[in-house]
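Structure, as structure tokens:
Numbering (full-length UniProt numbering), first residue to last: 1 to 183.
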């Protein structure tokens, strides 16, 4: 935990970086330099417990990415471009504000004994929540691969409901440490 709120320009120029753990910071989508998603050697990216509301579509450039951890952020959307991450074996998006997933997530190989898909603690629309409650991540993946879901998702993008509220993160460790140092 470094309490980072911005990454320096040029951060994406590490040519042999394979694992990057930026968990427990105060980063968001505006904190990342323009070349961040061009680290083509990156295999694991840990951005959990930050303040991201969206993941930029440029994530598709991380073609060697196998692990993406975005748990406990404020994510409202996942970009369709995530479907280009064909090497992805772990996706951790639990504890966000997601209500739907793009159908492109269904193209990923995230179900099996050597894969991980974490979806819990999101305010899913009822049709996704029902699948999750009944069959877990496998049920959700089967559902988002269906034509019924693709039709629903297309309509859902047009019909925007109320934005789920942000959770109170005052107890977040990176904030507690920072607040005590400021006092």
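Built from N, CA and C at the ideal position, the CB exists for glycine as well.
message = I'd like to know whether the C-beta atoms of residue 69 and residue 53 end up nearer to each other than 9 Å.
response = Between residue 69 and residue 53, the gap from beta carbon to beta carbon reaches 9 Å or more.
request  = Indicate the three-state DSSP secondary structure (helix, strand or coil) for residue 21 in the structure shown.
outcome  = Strand, per DSSP.
query = Under 9 Å, do residue 18 and residue 47 count as touching if we go by C-beta distance?
reply = Contact: no.
task = State the DSSP-derived secondary structure class of residue 111, mapped to helix, strand or coil.
result = If DSSP states are grouped into helix, strand and coil, residue 111 belongs with coil.
inquiry  = For residue 85, which residues in the same chain have their Cβ closer than 6 Å to its Cβ, ignoring the five residues on either side in sequence?
reply    = The beta carbon of residue 85 lies closer than 6 Å to those of 65 in the same chain, with the five residues before and after it left out.
task = Measure the alpha-carbon distance for residue 167 versus residue 126 and round it to whole angstroms.
result = Rounded to whole angstroms, residue 167 to residue 126 spans 20 Å at the Cα level.
message = Between residue 87 and residue 122, how many whole angstroms is the CB-CB distance? I'm expecting something under 8 Å.
response = Going by Cβ atoms, the distance from residue 87 to residue 122 rounds to 24 Å, so no, they are not a contact pair.
inquiry  = Tell me which residues share the same chain as residue 115 and place their Cβ nearer than 8 Å to its Cβ, disregarding the 5 neighbours each side in the sequence.
reply    = Taken in chain order, the residues that qualify are 89, 90, 109.
message = What does the Cβ neighbour count give for residue 50, buried or exposed, with the cut at 16 atoms within 10 Å?
response = Around the Cβ of residue 50, a 10 Å sphere holds 16 or more other Cβ atoms; the residue is buried.
message = So, with DSSP's three-state summary, where would you put residue 104?
response = Residue state, collapsed to three classes: helix.
request  = Check whether the Cβ atoms of residue 163 and residue 128 lie closer than 9 Å to each other.
outcome  = Residue 163 places its beta carbon 9 Å or farther from that of residue 128.
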